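So in my numbering the end of the sequence shown lands on 136, straight run, no missing numbers.
So the structure is just underneath, and the comments pick up after that.
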Amino acid sequence: MSSHSVAANTPHESAGNQVLPVVFNILDKWDCNQNQQMALLGLSSRSTLNKYRSHPESAKVSKDLLERMSYLLNVHKCLRILFTHEESVYRWVQKPNSHPFFAGRSAMEVMAQGRVADLYEVATRLNAWRGGRS
Numbered sequence: 003m004s005s006h007s008v009a010a011n012t013p014h015e016s017a018g019n020q021v022l023p024v025v026f027n028i029l030d031k032w033d034c035n036q037n038q039q040m041a042l043l044g045l046s047s048r049s050t051l052n053k054y055r056s057h058p059e060s061a062k063v064s065k066d067l068l069e070r071m072s073y074l075l076n077v078h079k080c081l082r083i084l085f086t087h088e089e090s091v092y093r094w095v096q097k098p099n100s101h102p103f104f105a106g107r108s109a110m111e112v113m114a115q116g117r118v119a120d121l122y123e124v125a126t127r128l129n130a131w132r133g134g135r136s
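See the structure below:
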């Protein structure tokens, strides 16, 4: 058996390949444009973004990308707990926020700065606001 026929994906790559379509679905429902999607996922080219969208099973899922997806899923989970209306769940990230941390910016403006720390900050605030409910 050739070594080329054996899957070379590590466990985190395999998990990430399975989660990627879910994350893209959330990003679509958040009405993210391509630049926002690239920033949230830490991707530097549109061609990579489009390749990952069309063939998630072949995406190179780094630990950085996996961490970013984890924060995005966490944000989504928190929003589903905090809000009962679908529209609120999916529109909140794009709406300006008066909380001092956001200073009138939307969560998307904060998260789309491209740093993992920005995703962490938004996820942490939402986790606190939901009071740990699951």
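Backbone N, C-alpha and C define an ideal beta-carbon position, used for all residues, glycine too.
Because the structure is a prediction, the values reported are computed rather than measured.
- Residue 102 sits in coil when the DSSP states are folded into three classes, being neither helix nor strand.
- Within the same chain, and ignoring the five residues on either side of residue 22 in sequence, the residues whose Cβ sits closer than 8 Å to its Cβ are 54, 58, 61, 63 and 71.
- Per DSSP, the continuous alpha helix (DSSP H) segment holding residue 78 begins and ends at 65-84.
- Residue 60 is not bridged by DSSP to any residue.
- Residue 130 sits away from residue 77, with the two beta carbons spaced by 8 Å or more.
- Put simply, the stretch 42-53 does not touch the stretch 83-91. Fewer than three CB pairs are less than 8 Å apart.
- The three-state secondary structure of residue 46, taken from DSSP, is coil.
- A distance below 8 Å separates the beta carbons of residue 38 and residue 110.
- Where residue 120 is concerned, the enclosing alpha helix (DSSP H) starts and stops at 118-131.
- Partner residues in the beta bridge of residue 108, as assigned by DSSP, are 98.
- In the three-state scheme derived from DSSP, where H, G and I count as helix and E and B as strand, residue 37 is classed as helix.
- Annotated three-state conformation of residue 115 is coil, per DSSP.
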